[in-house]
Amino acid sequence: MTNSISRRSEIRSNELAWYERMLEIREFENQVNALFASGSIRGTTHLCNGQEALDIAIASLLRNDDVVAATYRSHGIALALGLTPHSVLAEIMGKATGCAGGVGGSMHLCDKSVGLLPTSAIIGGGMPIAAGAALSFQIRKQDRVALALFGDGSTNIGSFHESMNLASIWKLPVIYICDNNVYGEYSRINLTTPIEDLHIRAESYAMPHEKVDGMSVYTLREALERAIERARSGGGPTFIEAKTYRFAGHSRADQAPYRPVGELESWKSRDPILVLENQFKESGKLTEDSIAAKKMETEKRIAEIVQEVQNDPEPLVGDIFKNIWAGSRS
Amino acid sequence: MTNSISRRSEIRSNELAWYERMLEIREFENQVNALFASGSIRGTTHLCNGQEALDIAIASLLRNDDVVAATYRSHGIALALGLTPHSVLAEIMGKATGCAGGVGGSMHLCDKSVGLLPTSAIIGGGMPIAAGAALSFQIRKQDRVALALFGDGSTNIGSFHESMNLASIWKLPVIYICDNNVYGEYSRINLTTPIEDLHIRAESYAMPHEKVDGMSVYTLREALERAIERARSGGGPTFIEAKTYRFAGHSRADQAPYRPVGELESWKSRDPILVLENQFKESGKLTEDSIAAKKMETEKRIAEIVQEVQNDPEPLVGDIFKNIWAGSRS
Amino acid sequence: MADMRVRQAIVQALSDEMSEDPNVILFGEDIAAAEGPFKTSEGLLDKFGPERVRDTPISEMAFTGAAVGAAMMGMRPVIEIMFMEFLGVALDQLVTEAAKMHYLSHGEYSVPMVVRASNASGLGFGSQHSQTLENWVVATPGLKVVTLSDAQSAYSLLRAAIREPNPVMFLEPRILYAERGPVDTSIKLEIGKARLIQGGNDVTMVAMGNMVNVAKQAAKQSSLSCEIIDLSTLVPWDRQTVLASVKKTKRLIVVEEAPLSGGWGSEIVAEVTSNLFTELIAPPIRITTPDTPVPFSGVLEAKFTPAPDDVTRQLKYLVETNQAPKPWWVMAGLH
Amino acid sequence: MADMRVRQAIVQALSDEMSEDPNVILFGEDIAAAEGPFKTSEGLLDKFGPERVRDTPISEMAFTGAAVGAAMMGMRPVIEIMFMEFLGVALDQLVTEAAKMHYLSHGEYSVPMVVRASNASGLGFGSQHSQTLENWVVATPGLKVVTLSDAQSAYSLLRAAIREPNPVMFLEPRILYAERGPVDTSIKLEIGKARLIQGGNDVTMVAMGNMVNVAKQAAKQSSLSCEIIDLSTLVPWDRQTVLASVKKTKRLIVVEEAPLSGGWGSEIVAEVTSNLFTELIAPPIRITTPDTPVPFSGVLEAKFTPAPDDVTRQLKYLVETNQAPKPWWVMAGLH
Ligand SMILES: Cc1ncc(C[n+]2csc(CCOP(=O)(O)OP(=O)(O)O)c2C)c(N)n1
Ligand SMILES: Cc1ncc(C[n+]2csc(CCOP(=O)(O)OP(=O)(O)O)c2C)c(N)n1
Ligand SMILES: [Mg+2]
Ligand SMILES: [Mg+2]
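Protein chains in written order, with our numbering: chain A, 15 to 344; chain B, 15 to 344; chain C, 3 to 337; chain D, 3 to 337.
In structure tokens form, the structure reads like this:
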């Protein structure tokens, strides 16, 4: 049976699954985009096209008992960590079958079984929460790791500063990862932030840091392995800046008119899926044929899931009153 | 007549006044301490003994149309900027004659005529306010400067990070000065902050920064002059870390049992009053006799002021309802 | 008199104030080059230039505080908090600094700033982007709180807020941005004055924001004669208008989008009761949202706010029985 | 049964919970080595060690958020916000994250954390360190709000708060820390249950925090038979107890330290009125602080909160006339 945990195992044990999962995420986002455009999804969505490598690298390395605090832009990390496309799409469409029963929506995904904390729609929201999870691991002498994922623009929020400092002074097993996709909403990072390499901000906290190519799963894994090893062995937190690019607009219908001419195209030439594809082609893991087959399989599978989810039940109106108070029945 | 503005002129025009004002501040704080101990002052007080040099350096350089956003630990900067000991003590004692009419207290001093914004009792409170004042100077093309003063522990609050970044990206004429007196409340800075030189945090904002001996008026003035010149000429913000030491406890009756043995004594050998005294003795500006006379004069004057203020009227109970809404009579 | 969308009325108000007063400046996240996430500053960067219309980093505490400082120097900053929830990272500057600045400076400084924030539910933004959150900014002497309910009030109240010498929290129910309505730019509305939406004799309905529309529809589909008051300013609210109305109708219903527990409506009910106890012929009641987070699902969100039908039912029950009905969600069988 | 100061009762409650449950941890500014700015963690670092009792940097957002994360992993963090105002830089984590976590995780995670904060006036800490600020944390489904009023409730309610599976805002009126009272450590108090302080027939007085004491003194010096209820839990408040009492006395007075406009008392008045309209023989009233910042001066601060005399006067007026008196500050000629 396919569930979050089995999907998580897959990606930890099988390199080809990285590629397949990246295709899945890409196709998933494309379908979300189409569904939003056609009015089948309400509210907002934030796509991760172009940023799949990091999600895959993380999921391929973390254990199920590690935890991830991510953001509104989390379809990718959710799928990578193992959530089924069905449960994620259902949540995005507000269905009873969604991972949060439809009360969360695109910005609020969650699955305790694979350590995905409810994603936060507040910039900086997850950063101290990750530190707190790490604190509990430290106190209980567990070798678990907490990871916070956020964007470039989010390094300007107070919570970033406070959380990094706290994590460092307490030597917490937490990894802060900035997915630098060049934009915060409609603002290019250089318009809001006077430095180019954001990872140097870790110097303010005497925290180890590095910058890494965000388009390459293998390179990302190397950096992550160092950080995870450091965290598990009591060496404290790490800050990683992954240089990547957001192929889609910020949210909803944004067409990103603010991009300099040629920027998108130039980054697309390093599409993380392409990068991995080429590596696998070289090593013989993939052929043109198997690639085409996988792409077709993925499209078909996601199309079916879209169908299924559309037919899924809506939540019951009484669900409004559920899960507000822990430990109470109502 | 002695008022804030004339006292401010004095300190801008006359080097001996620096010394006299430092004596005044020190004696003022000693009396505040005694008054608090005897129950004549309620609430809380935060003394600045040991940190007078910075207050004097700032007041000796800023113009009256510049502004200062400071903290609960502001008796010194208030007196340095020109507020009369009478109006400051009266405020601390909650008298109608206080600079805020007695509704503010020790943590809330203010005098618009010399640019002292209401001091904030919230860590980080004044930092963005200074940026905002600077923004208005920039937009109006005035060559005025805003200055934010805060402690070492305050560099861990989110507002610090956000304000520094904003000031830098907008190139605002603002100067951030950290009075690193080694402690935030009862915690030595190294217990809460994993770096020793706090000024390097400015690197995160591509902001010019320097560290400076906080015990020497002359050295402080040099650093400040560079920063002020930069700000006035459109060069943007500067971050200065002044290394100093808090001779008194944090607040109220704190006896600072947490100090390492010998630390206080070692810093006291570089008492900023002593440092300036020695410089003036060398240059012949002061003699043992004139020093003794000045000290006596100061003690006598402050003692008289204490008497006066104790006899000053309390606010009228109706004052509770005053100055809540701007532009309305009530 | 033009027909405008609410968001256009906001742009117009900003533009008119900026034209008349060079001290008015705007900043916030993506309000300049991108013209605002909800297009509430369309054209303003072009018209007034990058000194006066600025994009900020994602730093609500810093830019809210910057507005405080600029206002103290005599500017009239209008800042945008994209979703009211984001004040949760910056409330300090508004409540603990701005609102107390005049008081703590013994009247020397004032803080003529406006914090615009979109709020409330209805568009599927989920639990962290859909609350009304008036409670964060009430009980704060020195701070005024205003809510628009249509294009005219968007225009006229925003202009008044910008001219106000005190800090103003200006709430904009997001769901109304796209709504159209007539705007007469010569109409002045006052901060602190409620708007009489329609006269009536059976009951006084007090509402704010989008609930004004719900109240109107509910009244329309009922056979009762309802007096509807758009409170407009929550702090300080217009006791005089509300009390005069209830004195006449002898019944009060507050229709509000905040949760039952802790919502602002209780304040209206409490004051009216204390003052008009013997004149009331029915218990004053509140029709609110339930004590739950705002759900995302469209099906659930539609049931989360009281619909006109729900209000009509409550209205009818109250007037017919002169007794308080059960909450609408109980009447509707949701809970 | 020992006599303790309120702050000692807090220490005792923390200590007892920490002894019984290794998941209970404490952090905040200067709560470990210095034992707390108000000595509310005296001896706990020595007893439980530096892993479980920690000093934090001056970073309220980070350490409040860290409590959320630790609680989600099954710890029971109790953090200290030295002055309630400091939540203004960290409110987001409590209201927008912690309170919604159970809901947004479809019930998978819960957040058993306690945020202790000192609040209220009376000690000369000035406008930015003396507010009650309950309004910041009401209207937040998922978050409970509790206030202690004496040593016993400090002890028993704090223990209950730590055992609560939901996030709890635990308010400690600073002026009570030094007050002494008997503490029976075997007494259990429940979150959500009001405490009957004394029975009476003429009027029900509902209060919280230090106003419970003011109500008691006022009742004592009046000749009336007053039933006094310490609400204890503001969210969710004990409707049953309050309604039953008012049903009996037919009159309600809320005594509260929050400002008249926007204070929590209006909620009690509104609910009582809606439910017991025909049984009330006098308008329910609130005795609050005026709509002003908290002044520093001792003379002014003493006049800022209603004194027992003021309350007695209001009480008398209400019961004798069955009409609402003017605010106490008007009666006392202050304004
Ligand atoms: C406190 C807060 N301020 C503003 C926002 C609105 N907002 C949502 S996403 C976003 C941009 C974030 O940019 P970045 O951190 O680079 O992440 P990305 O969206 O590129 O993944 C902003 C400003 C928010 N959600 N929370
Ligand atoms: C937001 C906030 N958190 C905590 C406090 C309590 N507090 C007052 S002074 C202080 C220490 C500040 O240390 P530092 O910045 O070094 O300044 P110093 O007192 O040494 O001048 C703290 C924690 C506060 N006033 N505001
Ligand atoms: Mg980005
Ligand atoms: Mg310090």
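Think of the CB as a built atom: it goes at the ideal place given N, C-alpha and C, for glycine as much as any other residue.
DSSP three-state call for A:Ala237: helix, strand or coil?
In the three-state reduction of the DSSP assignment, A:Ala237 falls in the helix class, which pools H, G and I.
Starting from the N-terminal end, write out each residue whose C-beta falls within a distance shorter than 6 Å of any non-hydrogen atom of ligand 4.
So the residues near ligand 4 by this Cβ test are B:Gly165, B:Asp166, B:Gly167, B:Asn195, B:Tyr197, B:Gly198.
Going by Cα to Cα distance, which pick from A:Leu186, A:Ile55, A:Ile254 is closest to A:Ala104?
Taking only the C-alpha atoms, the option nearest A:Ala104 is A:Ile55.
Local conformation of B:Val331 per DSSP, three classes
Helix at B:Val331.
Name the chain C residues that come within less than 8 Å of B:Val117, Cβ to Cβ?
In chain order: Tyr105, Leu106, His108.
What do you reckon, are the CB atoms on D:Ile81 and D:Arg54 nearer than 8 Å?
At the C-beta level, D:Ile81 and D:Arg54 stay beyond 8 Å of one another.
Neighbouring residues, chain D, relative to C:Ser276 (Cβ below 9 Å)
By Cβ distance, chain D contributes Val271, Pro285, Pro286, Ile287, Arg288, Ala326.
For a cutoff of 8 Å on Cβ pairs, would you count A:Leu180 as touching chain D?
Using beta-carbon distances, A:Leu180 counts as an interface residue toward chain D, with a partner under 8 Å.
For the stretch 102-119 of chain A and the stretch 290-299 of chain C, state whether three or more C-beta atom pairs, one from each stretch, are separated by less than 8 Å.
By the Cβ rule, the stretch 102-119 of chain A counts as touching the stretch 290-299 of chain C, because three or more pairs are nearer than 8 Å.
Measure the beta-carbon distance from D:Ala209 to D:Leu233 and round it to whole angstroms, keeping in mind my assumption that it falls under 8 Å.
The Cβ separation is near 7 Å, so the contact holds.
Local Cβ density within 10 Å of A:Pro274, reported as buried at 16 or more and exposed below that:
Exposed, because fewer than 16 other Cβ atoms sit within 10 Å of the Cβ of A:Pro274.
Less than 7 Å separating the Cβ of D:Arg7 from some heavy atom of ligand 3?
False, no ligand heavy atom lies under 7 Å from that Cβ.
Inspect the CB distances between the stretch 3-17 of chain C and the stretch 164-184 of chain C and report whether three or more fall short of 8 Å.
Yes: the two stretches touch, three or more of their Cβ pairs being nearer than 8 Å.
Can you pull out the residues from the stretch 112-131 of chain D whose beta carbon lies closer than 9 Å to at least one beta carbon of chain B?
Those would be Leu125, Gly126, Phe127, Gly128, Ser129, Gln130, His131, in chain order.
At a cut-off of 7 Å, would you count A:Ala135 as near ligand 1, judging by its Cβ distance to the nearest heavy atom?
The answer is yes for A:Ala135.
Under 8 Å between beta-carbons, which chain A residues line up against B:Ala162? List them in chain order, please.
Near B:Ala162 there are no residues of chain A at all, since even the closest Cβ is about 15 Å away, more than 8 Å.
Using a threshold of 7 Å, is the CB atom of B:Arg87 nearer than that to any non-hydrogen atom of ligand 2?
Using a cutoff of 7 Å, the CB of B:Arg87 counts as near ligand 2, since one of the ligand's heavy atoms is closer than that.
CB A:Lys188 to CB C:Leu302, shorter than 8 Å?
For the sequence presented, residue 188 of chain A should be read as Val rather than Lys. Between A:Val188 and C:Leu302, the C-beta gap is not smaller than 8 Å, which leaves the two residues out of contact.
Whole-number beta carbon distance between D:Leu173 and D:Thr142, since they are thought to touch under 8 Å
The pair is not a contact, with the Cβ atoms about 14 Å apart (cut-off 8 Å).
Cross-chain neighbours of C:Ala35 in chain A, by beta carbon under 9 Å
When 9 Å is used as the limit between beta carbons, C:Ala35 is near these residues of chain A: Tyr200, Ser201, Leu205, Tyr272, in chain order.
At 8 Å on the CB atoms, spell out the chain A contacts of B:Pro208, in chain order.
What B:Pro208 touches in chain A: Asn179, Ser182, Ile183, Tyr219, Ala220, Met221.
Taking only three categories from DSSP, how would you classify D:Lys146?
Three-state DSSP puts D:Lys146 in a strand.
Considering only the beta carbon of each residue, do A:Ile70 and A:Ile25 sit closer than 8 Å?
Their beta carbons are under 8 Å apart, which means A:Ile70 touches A:Ile25 by this criterion.
Out of B:Tyr232, B:Arg87, B:Arg158, B:Pro99, which has the shortest C-alpha to C-alpha gap to B:Glu313?
Nearest option by C-alpha distance: B:Pro99.
Does the structure place the stretch 156-174 of chain B close enough to the stretch 79-88 of chain B that three or more beta carbon pairs sit under 8 Å?
When C-beta atoms of the stretch 79-88 of chain B are compared with those of the stretch 156-174 of chain B, three or more pairs fall below 8 Å, so the two segments count as touching.
Could you tell me how far apart the beta carbons of B:Arg266 and B:Thr59 are, in whole angstroms, since I believe they sit closer than 8 Å?
Yes, B:Arg266 and B:Thr59 are in contact; Cβ-Cβ is about 7 Å, under 8 Å.
Cross-chain neighbours of C:Glu53 in chain B, by beta carbon under 7 Å
Against C:Glu53, the close residues of chain B are Ile153, in the order they occur along the chain (beta-carbon pairs closer than 7 Å).
In chain order, what residues of the same chain have a beta carbon less than 6 Å from the beta carbon of C:Leu262, not counting five sequence neighbours either side?
Excluding sequence neighbours, C:Leu262 sits near Thr290, Asp293.
Tell me, which residues are paired with D:Phe29 by DSSP?
Partner(s): D:Arg56, D:Ile81.
Which residues in the same chain have their Cβ closer than 7 Å to the Cβ of D:Asp23, if we skip the five residues on either side of it in sequence?
So the qualifying residues of the chain are Arg78.
From the DSSP output, which residues share a beta bridge with B:Tyr197?
Note: B:Tyr197 sits in a beta bridge opposite B:Arg202.
I want to see whether chain A comes within less than 8 Å of D:Ile255, judged by CB atoms only; does it?
Under the Cβ criterion of 8 Å, D:Ile255 is not counted among the residues facing chain A.
Partner residues on chain D for B:Asp333, Cβ-Cβ distance less than 7 Å:
Chain order gives the chain D residues near B:Asp333 as Leu302, where near means a beta carbon separation below 7 Å.
Are the C-beta of B:Ser344 and some C-beta of chain A separated by less than 8 Å?
Caution is warranted here: a pLDDT of 46 is assigned to B:Ser344, below 50, making its placement in the model unreliable, and no coordinate value can be reported.
Given this structure, state the Cα-to-Cα distance separating B:Thr252 from B:His213, to the nearest angstrom.
Cα-Cα distance, rounded: 10 Å.
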